[in-house]
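No gaps in the numbering here: position 269 of the sequence shown is 270 in our numbering, and each next residue is one more.
Data block below; observations after.
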Amino acid sequence: MAQTTPITVAHGDGIGPEIMRATLAVLEASGARLDIETIEIGEGVYRRGFSSGIEPSAWDSLRRTRVFLKAPITTPQGGGYKSLNVTIRKTLGLYANVRPCVSYHPFIATRHPGMDVVVIRENEEDLYAGIEHRQTDQVVQCLKLITRPGCEKIVRYAFEYARRNGRRKVTCFTKDNIMKLTDGLFHKVFDEIAVEYPDLASDHMIVDIGTARLADAPEQFDVIVTPNLYGDVISDVAAEIAGSVGLAGSANIGEHVAMFEAIHGSAPAIAGQNLANPSGLLLAAAMMLVHVGQGEAAARLHNALLCALEEGIHTSDIFEEGVSVRQVGTTEFTAAVIERMGSEPQKLRPVKYDDAAQPIPTTFKPRPAAEKKVVGVDLFLDWNHGRPEQLAELLRAIETEKLGLTMITNRGVKVWPQGAPETFCTDHWRCRFTAREGETAHRDLVDLLDRAATAGFDFIKTENLCTFDGVPGFSLGQGQ
Ligand code: NAD
Numbered sequence: 002m003a004q005t006t007p008i009t010v011a012h013g014d015g016i017g018p019e020i021m022r023a024t025l026a027v028l029e030a031s032g033a034r035l036d037i038e039t040i041e042i043g044e045g046v047y048r049r050g051f052s053s054g055i056e057p058s059a060w061d062s063l064r065r066t067r068v069f070l071k072a073p074i075t076t077p078q079g080g081g082y083k084s085l086n087v088t089i090r091k092t093l094g095l096y097a098n099v100r101p102c103v104s105y106h107p108f109i110a111t112r113h114p115g116m117d118v119v120v121i122r123e124n125e126e127d128l129y130a131g132i133e134h135r136q137t138d139q140v141v142q143c144l145k146l147i148t149r150p151g152c153e154k155i156v157r158y159a160f161e162y163a164r165r166n167g168r169r170k171v172t173c174f175t176k177d178n179i180m181k182l183t184d185g186l187f188h189k190v191f192d193e194i195a196v197e198y199p200d201l202a203s204d205h206m207i208v209d210i211g212t213a214r215l216a217d218a219p220e221q222f223d224v225i226v227t228p229n230l231y232g233d234v235i236s237d238v239a240a241e242i243a244g245s246v247g248l249a250g251s252a253n254i255g256e257h258v259a260m261f262e263a264i265h266g267s268a269p270a271i272a273g274q275n276l277a278n279p280s281g282l283l284l285a286a287a288m289m290l291v292h293v294g295q296g297e298a299a300a301r302l303h304n305a306l307l308c309a310l311e312e313g314i315h316t317s318d319i320f321e322e323g324v325s326v327r328q329v330g331t332t333e334f335t336a337a338v339i340e341r342m343g344s345e346p347q348k349l350r351p352v353k354y355d356d357a358a359q360p361i362p363t364t365f366k367p368r369p370a371a372e373k374k375v376v377g378v379d380l381f382l383d384w385n386h387g388r389p390e391q392l393a394e395l396l397r398a399i400e401t402e403k404l405g406l407t408m409i410t411n412r413g414v415k416v417w418p419q420g421a422p423e424t425f426c427t428d429h430w431r432c433r434f435t436a437r438e439g440e441t442a443h444r445d446l447v448d449l450l451d452r453a454a455t456a457g458f459d460f461i462k463t464e465n466l467c468t469f470d471g472v473p474g475f476s477l478g479q480g481q
């Protein structure tokens, strides 16, 4: 007797309860064997004073079942509320966000009939670490953190996903022509791992031109892997040009837990009116069934949905005169999908899923740490009293026996020595002190700071300049 899989379900806000009701009915009709635990998340929980939108007891259910089918929620406006999605992703380590974006030409209007792209977005790092500071009167900063384990996990996931799903090519999007260390690491890890998959084509594109090409000719792409922020943007672009954001499902995969949801939000304006399209959550439910090893039920559900779509039975968001046949509400659409359970689409390509659960293992290879040497320090100052040459003169006075001033930049542009008179300067300065003799010690950095404080400098922070196995771990100034 096949096993029943425990899952956790949240009905969410806005259209959430309607599309979840629809999805659970379709899941039951598909023959999926699920043992459902329900938790409450979203508006009601925020209102009860839990600023994260989830009650502490809900985590127990998620840890127990390790599989979460989630309807969209409404994030209350205003400060003091944390995004529940970000909290869940980061707390449970859901590092891979997988969003298939497929067009259903000619049954749903799209300019891209051949589109079948999967965007795999890194889900935990990058600028989404949310570490922000106001440093001076004029300048705020957000830290972009990219880690080697994070890159290895997501890039390997993308290649494994491609191989297991009969895909041919993995494309990496970064901006490493500008961010040579952070995006550069993502690209480097991509190149390292790509050689382990000779059966798959791989290439890299700068994210700006890559996004333009994706919007213009998505049929040229297969699997795309990219850091968090770019992935957030391009996965919405990809879903929208495929047909509608209302049609796409997504998986958030971690080592221990996986969460499945539609990519759209709670659409409060159409809530409770039987207007919502449940397809995004239905496709997320199919991804969930594949994940738990119920591929046969997943294929039944997915094929029944394709049958309804190709027969022109459409909710109002995708209804188009001359293309669609019948405009229906959420409940009629759900009934149409259930009626077609067991059928295969005649014109769209039917799907087939393996019934054995083969979760992609989370892997990164431990490696010996590189030899690290401190060779200087960037001292960041809040200073608003003149030109760079004047600042340089003041800083020359605090140089130490070990550390000498070698460069000043403002917003990354070198302004001393030999700056350009046209460069606009703010009150935020990076002053680079370099070891006079190869290496320096933390004590030397403290001495420099001590002299800076005595001279009355308002220092904001320091960043140590290090080499790793002799390779500099810091960027040059622009114009250096
Ligand atoms: P939205 O996705 O809810 O709606 C955008 C547009 O698409 C609206 O016109 C809406 O009516 C339409 N739409 C969305 N889903 C649809 C569906 N299934 N069927 C038919 N039409 C659909 O985005 P929004 O308006 O920016 O956000 C509304 C709320 O949802 C906000 O509180 C936001 O924070 C939240 N949100 C939640 C999630 C989530 O829980 N995963 C994701 C995105 C936004």
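C-beta atoms are modelled at their ideal positions from N, C-alpha and C, and glycine is treated no differently.
Helix, strand or coil for residue i? Go by DSSP, reduced to three states.
{"i": "R67", "result": "coil"}
{"i": "N465", "result": "strand"}
{"i": "S58", "result": "helix"}
{"i": "T175", "result": "strand"}
{"i": "L477", "result": "coil"}
{"i": "D496", "result": "Because the chain here runs from 2 to 481, residue 496 falls outside it and cannot be looked at."}
{"i": "T5", "result": "coil"}
{"i": "D470", "result": "coil"}
{"i": "H315", "result": "strand"}
{"i": "D14", "result": "coil"}
{"i": "L284", "result": "helix"}
{"i": "F187", "result": "helix"}
{"i": "I42", "result": "strand"}
{"i": "R431", "result": "strand"}
{"i": "A421", "result": "coil"}
{"i": "F261", "result": "strand"}
{"i": "V156", "result": "helix"}
Under the criterion of a Cβ to heavy atom distance below 8 angstroms, does residue i qualify as lining the ligand NAD?
{"i": "I264", "result": "yes"}
{"i": "K71", "result": "yes"}
{"i": "S267", "result": "yes"}
{"i": "N278", "result": "yes"}
{"i": "A285", "result": "no"}
{"i": "N229", "result": "no"}
{"i": "V246", "result": "yes"}
{"i": "D233", "result": "no"}
{"i": "I40", "result": "no"}
{"i": "I314", "result": "no"}
{"i": "I242", "result": "no"}
{"i": "L85", "result": "yes"}
{"i": "G13", "result": "yes"}
If the criterion is Cβ atoms closer than 9 angstroms, does the pair residue i and residue j meet it?
{"i": "I74", "j": "A263", "result": "no"}
{"i": "R64", "j": "V258", "result": "yes"}
{"i": "L310", "j": "L349", "result": "yes"}
{"i": "A202", "j": "P219", "result": "no"}
{"i": "V190", "j": "R149", "result": "yes"}
{"i": "M288", "j": "I8", "result": "no"}
{"i": "T331", "j": "A23", "result": "yes"}
{"i": "A398", "j": "A456", "result": "yes"}
{"i": "V338", "j": "V27", "result": "yes"}
{"i": "S251", "j": "S236", "result": "yes"}
{"i": "D383", "j": "L466", "result": "no"}
{"i": "N229", "j": "E297", "result": "no"}
{"i": "H106", "j": "G94", "result": "no"}
{"i": "L477", "j": "A436", "result": "no"}
Which residue wins for smallest C-alpha separation from residue i, given the options the options?
{"i": "N178", "options": "P150, V156 and V208", "result": "V208"}
{"i": "I314", "options": "L302, R397, N278 and E297", "result": "N278"}
{"i": "T410", "options": "Q347, S203, Q78 and F425", "result": "F425"}
{"i": "F334", "options": "C308, P346, K353 and D355", "result": "C308"}
{"i": "C173", "options": "N166, K181, A159 and T183", "result": "A159"}
{"i": "R388", "options": "K373, D428, S31 and E402", "result": "D428"}
{"i": "G343", "options": "P269, I235 and A299", "result": "A299"}
{"i": "E38", "options": "A30, E44, F51 and A11", "result": "A11"}
{"i": "A240", "options": "P422, R112 and R164", "result": "R112"}
{"i": "K373", "options": "T468, D451 and G45", "result": "T468"}
{"i": "L182", "options": "C152, P101, D138 and T5", "result": "C152"}
{"i": "F261", "options": "L70, G474, D36 and E56", "result": "L70"}
{"i": "H134", "options": "G15, C143, L128 and C102", "result": "C143"}
{"i": "A291", "options": "R165, P367 and L186", "result": "One point to set straight first is that residue 291 is Val, not Ala, in the sequence displayed. The residue with the shortest Cα to Cα distance from V291 is R165."}
{"i": "R100", "options": "I254, I361 and L395", "result": "I254"}
{"i": "T5", "options": "T137, L25, T212 and Q295", "result": "Q295"}
{"i": "L215", "options": "N304, D117 and V416", "result": "D117"}
{"i": "L340", "options": "A305, I109 and D318", "result": "The question names Leu, but residue 340 in the sequence shown is Glu. It is A305."}
{"i": "D14", "options": "L35, D36, E256 and I55", "result": "I55"}
Where are the beta strand (DSSP E) runs, 3 residues long or more, that stay fully inside the segment 366-407, in chain order?
373-383
Restricting to runs no shorter than 4 residues, where is the alpha helix (DSSP H) found entirely within the segment 195-256?
208-217 and 229-243
Runs of 4 residues minimum, wholly inside the segment 82-145: which ones carry the alpha helix (DSSP H) assignment?
85-92
Taking only runs of the beta strand (DSSP E) that begin and end inside the segment 333-357, which ones reach a length of at least 3 residues, in chain order?
none
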